[in-house]
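Heads up, the sequence shown is in our numbering, so the first residue is 431 and it goes up one at a time. A virtual CB, placed ideally from N, CA and C, is assigned to each residue, including glycine. The structure appears right after this line, and notes come after that.
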Amino acid sequence: MATVEELKLRVRELENELIKCKQKQNAMEDAHNQALNRPKIDKMSAEVVDSNPYSRLMALKRMGIVEDYEKIRTFSVAVVGVGGVGSVTAEMLTRCGIGKLMLFDYDKVELANMNRLFFQPHQAGLSKVEAAEHTLRNINPDVAFETHNYNITTLENFTHFMDRISRGGLEDGMPVDLVLSCVDNFEARMAINTACNELGQIWMESGVSENAVSGHIQLIVPGETACFACAPPLVVAANIDEKTLKREGVCAASLPTTMGVVAGLLVQNVLKYLLRFGTVSYYLGYNAMQDFFPAMTMKANPQCNDRHCRRQQEEYKKKEATQPKVEVVQEEEEVVHEDNEWGIQLVSEVSDSELQAATGARPDLPEGITVAYTIPAQDAAAGDTVEETEQSLEDLMAQMRKL
Ligand SMILES: [Zn+2]
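Shown next, in the form of structure tokens:
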């Protein structure tokens, strides 16, 4: 039998062994991280070498698309909702070399998210913002990140959210350049809308339908274009209480394809808006069933329920009045409905009778373009829940699918 002294000696030996092992592991991890994490780059270069992560982006300048690509580093963007659309949006902006990204999300990564892009199974259980920051920092250490793991719709968090988007820009105390809404519910969209109307903050809305086969993006300039409260039917079917959709065993459908397309359209619009190239879309829809992309512009509604929207509209009018009048010659593009040699037809998703029966703000739409959803004639604002109606959730979902 070993003596106590012998055992003590053995314990010391094992302890030393353990320390050596740990040191070796740390050294290996450091070397691995150093190989993975490139050092920060002070100035974006157009030099065409394999080690330059910006050569392809800076080539946009040489190709005459973007005048000053490097300006991207001076912008900060807030992404609210880091789910199927938001995470891909954040990744694209990170790879493009945006100056600062601010991420907001209260949720955790789940295995049920694996049908979408970006997150990986080993991240399950981590908060979405934490997991996203880790991945994105590895992709591009030049980007500054700020993350907030909370729900922006609670009173306290909403105040903090407003403070951060109005003062958390690249230069401390300055607002962010854009807020991107990548959330999946009405309540959060309304919170972003309220904050941006009050602050006069330009933002972009994005959404994917519950049946996963249509989506849209929308640029909202407070006072100038329709806000989310001016014309909400474009986004959600208001007759379904979203909380009932989150019932045990019931969930909305989602596809990585539709979410990827919508994230791509959103970030394309962000790049065009920030770097001033091409035509920035005010509203761009995507219908996957027909591969149809309706585009339009909607003016703000003078009767909007949001008082800050009405105030912004007054301010916009005053500002417009001081501007010298520029004569804009609008070329009316004729929509051809007759058969053409390619057999292209414009198809309406909502029937005329459905549109007539709908209430609330209805945008004046050009022919061939229609709203994705309409509010049914009954008072949708009363907050009817599925339980209070005669119809089952399945019936309502089936109705939505028909839309
Ligand atoms: Zn409004």
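- By the 16-neighbour rule on beta-carbons within 10 angstroms, F723 is exposed.
- Runs of alpha helix (DSSP H) with 4 or more residues, each lying fully within the region 571-632, are found at 585-597 and 616-629, listed in chain order.
- With distances taken between CA atoms, T687 lies nearest to N545 out of N545, D535 and V507.
- Summarising the contact set, residues whose Cβ lies nearer than 7 angstroms to any heavy atom of ligand 1 are, in chain order, N627, A656, C657, A659, C660, A730, N731, C734, D736 and C739.
- K530 places its beta carbon 8 angstroms or farther from that of K558.
- DSSP places G555 outside any alpha helix (DSSP H), giving it a letter other than H or E.
- With a beta-carbon spacing of about 5 angstroms, S611 and V510 fall inside the 8 angstroms limit used to define contacts.
- Per DSSP, the continuous beta strand (DSSP E) segment holding G715 begins and ends at Y713 to N717.
- Between E640 and A693, the CB-CB gap reaches or exceeds 8 angstroms.
- Going by beta carbons, V697 and L487 fall outside the 8 angstroms limit.
- Fully enclosed alpha helix (DSSP H) runs of no fewer than 4 residues occupy 485-492 and 516-526 of the region 485-528, in order along the chain.
- Distances from the CA of V691 to each of C526, V573, L701 and V515 were compared; the closest alpha carbon is that of V515.
- With respect to Y499, L705 sits close: the two C-beta atoms are nearer than 8 angstroms.
- Per DSSP, the continuous alpha helix (DSSP H) segment holding K747 begins and ends at R737 to T752.
- For the 8 angstroms CB-CB criterion, V606 and V512 do not form a contact.
- I650 sits in a strand when the DSSP states are folded into three classes.
- As the crow flies, the alpha-carbon of F707 is around 24 angstroms from that of E601.
- Distance from the CA atom of N699 to the CA atom of E459, rounded to whole angstroms, is 39 angstroms.
- In the DSSP assignment, M634 forms a beta bridge with L610 and L649.
- As a beta-bridge residue in DSSP terms, L531 pairs with V507 and F575.
- When beta bridges are read from the DSSP output, A725 appears opposite L714.
- Sixteen is the threshold: when 16 or more other Cβ atoms of the shown chains lie within 10 Å of the Cβ of Q742, as they do, the residue is buried.
- Where Q733 is concerned, there is no enclosing alpha helix (DSSP H), because DSSP gives it neither an H nor an E.
- One Cα belongs to N717, the other to Q455, and the distance between them is close to 51 angstroms.
- In this chain, the alpha helix (DSSP H) harbouring G690 covers P686 to L705.
- Under a 10 Å Cβ-count criterion, G715 is classified as buried, with 16 or more other Cβ atoms of the shown protein chains found around its own Cβ.
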